[in-house]
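A short write-up of the structure that comes next.
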Amino acid sequence: MSVISTKRDGDILVVTADNPPVNALSAQVRAGLADAMAQASTDDAVRAVVIRAAGRTFFAGADITEFGKPPMEPSLPTVIDAIEQCGKPVVAAIHGTALGGGLEVALGCHHRIAAASAKLGLPEVKLGLLPGAGGTQRLPRVVGVAEALPMIVTGAPISAAKAQQVGLVDRLVDDAALDQEAIAFARSVISDDHPVSSARTDKLAETPPGFFDAYRTANARRIKGQDAPQACIAAVEAATTLPFAEGIAKERSLFKSLVEGDQSKALRHVFFAERAAARIDNLPEGTQPLPIARVGIIGAGTMGGGIAMNFLSAGIPVMMVEREQAALDRGVGIIRKNYDATAAKGRIKPEQVDQAMGLLSTSLDYGDFADCDLVIEAVFELMDIKKDVFGKLDAICKPGAILATNTSYLDVDEIAAATSRPEWVVGLHFFSPANVMRLLEVVRGARTSPQVMATAMALARRIGKVAVVSGVCHGFIGNRILAARTREANALLMEGARPAQVDQVVLDFGFPMGPFQMGDLAGLDLGWDPEKSSSATIREVLCERGRRGQKTGKGFYDYDEKRNRTPSPEVDAIIADFAAKSGKEQRMISDQEIRERLFYPMVNEAALILEEGIAQRPSDIDIVWLNGYGWPAWTGGPTFWADQVGLDVIVAGLQTHADRLTDFRLSPLLQDKAAQGCRFNG
Ligand code: T1G
2 MSVISTKRDG
12 DILVVTADNP
22 PVNALSAQVR
32 AGLADAMAQA
42 STDDAVRAVV
52 IRAAGRTFFA
62 GADITEFGKP
72 PMEPSLPTVI
82 DAIEQCGKPV
92 VAAIHGTALG
102 GGLEVALGCH
112 HRIAAASAKL
122 GLPEVKLGLL
132 PGAGGTQRLP
142 RVVGVAEALP
152 MIVTGAPISA
162 AKAQQVGLVD
172 RLVDDAALDQ
182 EAIAFARSVI
192 SDDHPVSSAR
202 TDKLAETPPG
212 FFDAYRTANA
222 RRIKGQDAPQ
232 ACIAAVEAAT
242 TLPFAEGIAK
252 ERSLFKSLVE
262 GDQSKALRHV
272 FFAERAAARI
282 DNLPEGTQPL
292 PIARVGIIGA
302 GTMGGGIAMN
312 FLSAGIPVMM
322 VEREQAALDR
332 GVGIIRKNYD
342 ATAAKGRIKP
352 EQVDQAMGLL
362 STSLDYGDFA
372 DCDLVIEAVF
382 ELMDIKKDVF
392 GKLDAICKPG
402 AILATNTSYL
412 DVDEIAAATS
422 RPEWVVGLHF
432 FSPANVMRLL
442 EVVRGARTSP
452 QVMATAMALA
462 RRIGKVAVVS
472 GVCHGFIGNR
482 ILAARTREAN
492 ALLMEGARPA
502 QVDQVVLDFG
512 FPMGPFQMGD
522 LAGLDLGWDP
532 EKSSSATIRE
542 VLCERGRRGQ
552 KTGKGFYDYD
562 EKRNRTPSPE
572 VDAIIADFAA
582 KSGKEQRMIS
592 DQEIRERLFY
602 PMVNEAALIL
612 EEGIAQRPSD
622 IDIVWLNGYG
632 WPAWTGGPTF
642 WADQVGLDVI
652 VAGLQTHADR
662 LTDFRLSPLL
672 QDKAAQGCRF
682 NG
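In my numbering, the protein residues as written are 2 to 683.
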């Protein structure tokens, strides 16, 4: 099967790419395109060219698997130059997702026809790169800098309609009519009077003065610490200051430095890790997911309502049950409010809100779960309550219904044992806010059947979640590693560090928040019982003093009416007093020690999780922390970052701090890998 084929349609040469699954621009595809353009240029009977793709999409970009390997000719820029300088009109027929190098190929064409459902984008920045085949120089000339820069710096695709509106696409057509419309369009632009020169229009003159500095300032926080967005801005700015050829040279040199850098290696790791996470190891051949047509949810609180929205937005009917009407009404109100807020931002249409809300049924009677294919409980995080709920569900739900718990810590096997159908019990650990956070831990009980696992993973994809399989342990993958960090953060306070210093180390690492800022945001009184509180921990003392977090205007920090946080002398005194009573000497602690004491135990916990078979592969742990806890993606996640630091360095650091670490057991797997000079990720 040839990845590039050509066919004459009268005086039009139709060039078709066929390189499943996404027509990535591999070396073979590039060579085929180059040959086709040579054929078009030299054959006088050819008056115009259409470039199209078979399968689900136009070229979805360069072949990411080629990065990091010796480059193979012809390069993509060379192929695109051949298209642009063909001397005859070349028309791109775009369907699916024209992304990265795929859109750059289309930009080298003289015209672009798009199916109405197509999307177009330059997502290279998400891989720690920039469009390296002319995109930073051609796109601004076609659509103007104001439209081009956000597309390149955010990597977000635009719809075909928006592409037409900004001049990126000449014509929108019905999906089914794309091929013939593209050929007809090509025929319509054939002209003897003016052979095609370069396709480039030039909207650069529209660039407002000071545009780039204003953009840098407005986006400083969002792109802090990341090489690719900064390079994207520099490349597009070069388009406005340099002749085309020099701008291309600037783009190439920036691309070269990015592709060889650690941040792009990390982000390419994340790209493949996210796809690997969807795979369930050792799934028996032929295991098929079950159809899920109706979902039941117990609990209309923050979690229950957020979970419900995932299914409603995916067009899956939901039956939501609460114990009291008031709680049910409140829950429905929150769902509607969330949808209305999203619609107000223009992210969904009002009719989509009505459509989603129309799929929601409510009841006070568990009996209404009888026809559900899946029921998810989001009740109070107490084992006795969970077991009681599952006992009831077991009696009510139809045979073959899946019973899922949203527990974030508890033993899924113990919950499953409360039913007569442990094979049908699974953990679906959503992260709050459940309608926003992409991560879903799919917790496989000892008895959970492969078909239930396959169904849960397929459903996760259907509702737009990034799902990771976890085994059963306290806290599964994410929260177990979080607990390791929290233990050390608290220990560091007792030894003399202050909340703001610890948080700043985590912020400097690239997280959006530090552990104590997170605690204040979530509320320090989560799980705190005033009746039983006995000043046993700093957190209890803070709660007893009314310092329960942002919601009370003070927690580890003091908050003003705009919720700006400032370190609190009262908290420092509480910590010092608590440490003194505990006989802990206070000392100055360096940021480096804080960094090692927070992150190295997390890596060790990741190794223990792998040893115990809780996670299927190291990169799954990265996906959990990237999508559930804000680990900066440009460092790849805990295991990829550990590989970059060196496992030997991490083991040595853990041994240095061993006598200060809390509840610590050095992972034999980590030790062995370090001793053998191995990495987590191959
Ligand atoms: N190269 C190689 N393989 C790719 C690929 C690519 N560009 N895109 C997808 N795949 C594989 C993917 O690993 C998976 O493999 C299968 O295809 C299906 O993908 C010079 C330098 C197109 C929106 O960043 O966003 O161009 O797991 O599961 O959910 O300036 O794939 O089945 O073995 O994601 O339907 C820029 C990346 C590259 C687009 C489809 N392009 N791809 O999503 O399927 S850099 C991108 C996607 C570049 C130029 C620069 C998505 C998709 P497997 P999938 P999907």
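Quick reminder that beta carbons are idealized off the backbone N, C-alpha and C, glycines included.
Small disclaimer: the values here were computed from a predicted structure and weren't measured.
Here the region 597 to 610 does not lie against the region 560 to 580, with fewer than 3 beta-carbon pairs under 8 Å apart. Distances taken from the Cβ of Glu-67 to the heavy atoms of the ligand T1G include none shorter than 6 Å. For Arg-113, the enclosing beta strand (DSSP E) covers residues 112 to 116.
Per the Cβ contact rule, the region 108 to 122 is in contact with the region 154 to 169 (3 or more Cβ pairs under 8 Å).
In this structure the region 626 to 638 touches the region 477 to 485; the number of beta carbon pairs closer than 8 Å is three or more. By alpha-carbon distance to Ala-25, the top candidate from Ala-116, Ala-221, Asp-64 is Asp-64.
The beta carbon of Leu-375 sits closer than 6 Å to those of Ile-293, Val-296, Ile-403, all from its chain and outside the five residues before and after it, given in chain order. Put simply, of Phe-641, Asp-649, Ala-676, Tyr-216 the residue whose alpha carbon is nearest the alpha carbon of Ala-267 is Phe-641. When rounded, the separation of the alpha-carbon atoms in Gly-520 and Gly-550 is 7 Å. Comparing alpha carbon positions, the residue from Ala-115, Ala-221, Ala-236 closest to Asp-176 is Ala-115. Thr-406 is not a Cβ neighbour of Gly-392, given a cutoff of 7 Å.
In summary, Gly-472 is buried, with 16 or more beta-carbon neighbours lying within 10 Å of its beta-carbon over all protein chains present. Remark: the shortest separation between the CB of Glu-125 and any heavy atom of the ligand T1G falls under 6 Å. Cα atoms of Thr-242 and Pro-75: separation of roughly 29 Å, rounded to the nearest angstrom. Here DSSP, grouped into helix, strand and coil, assigns Ala-379 to coil.
Closer than 6 Å to some heavy atom of the ligand T1G: that does not describe the Cβ of Asp-673. The residue among Lys-70, Ile-610, Lys-585, Leu-655 with its C-alpha nearest the C-alpha of Arg-596 is Leu-655. Checking the 6 Å criterion, the Cβ of Leu-130 is within range of a heavy atom belonging to the ligand T1G.
Between the region 489 to 497 and the region 303 to 319 there are fewer than three C-beta pairs closer than 8 Å, too few to call the two in contact. In this structure, the ligand T1G has a non-hydrogen atom nearer than 6 Å to the beta-carbon of Val-23. A contact between stretches requires three or more CB pairs, one per stretch, nearer than 8 Å, and the region 280 to 293 meets this requirement with the region 452 to 461.
Placement of the Cβ of Leu-104 at a distance of 6 Å or more from every heavy atom of the ligand T1G is found. CA-to-CA, the gap between Ala-274 and Asp-621 works out to about 7 Å. Lys-555 carries a strand assignment under DSSP once its states are collapsed to helix, strand and coil. DSSP, read as helix, strand or coil, puts Ile-293 in coil. Taking 6 Å as the cut-off, the C-beta of Leu-627 does not count as close to any heavy atom of the ligand T1G. Rounded to whole angstroms, the gap between the alpha carbons of Asp-193 and Asp-12 is 13 Å.
Residue environment: Leu-365 is assigned as exposed (fewer than 16 neighbouring CB atoms within 10 Å of its CB, all protein chains considered).
Between the beta-carbon of Ala-229 and that of Ser-265 there is about 7 Å, and that keeps the pair under the 8 Å contact cut.
Between Ala-344 and Val-333, the C-beta gap is not smaller than 7 Å, which leaves the two residues out of contact. With respect to the C-alpha of Ala-187, the residue from Asn-20, Leu-411, Ile-52 having the closest C-alpha is Ile-52. Lys-466 is classed as buried because its beta carbon has at least 16 other beta carbons within 10 Å across all chains shown. The region 346 to 353 makes no contact with the region 379 to 386; the number of CB pairs closer than 8 Å stays below 3. In the structure shown, Ile-298 adopts extended strand secondary structure according to DSSP, grouped into three states.
With a contact defined as Cβ atoms closer than 8 Å, Leu-131 and Phe-213 miss out at about 15 Å.
Our two residues, Gly-135 and Ile-298, have alpha carbons roughly 50 Å apart in a direct line.
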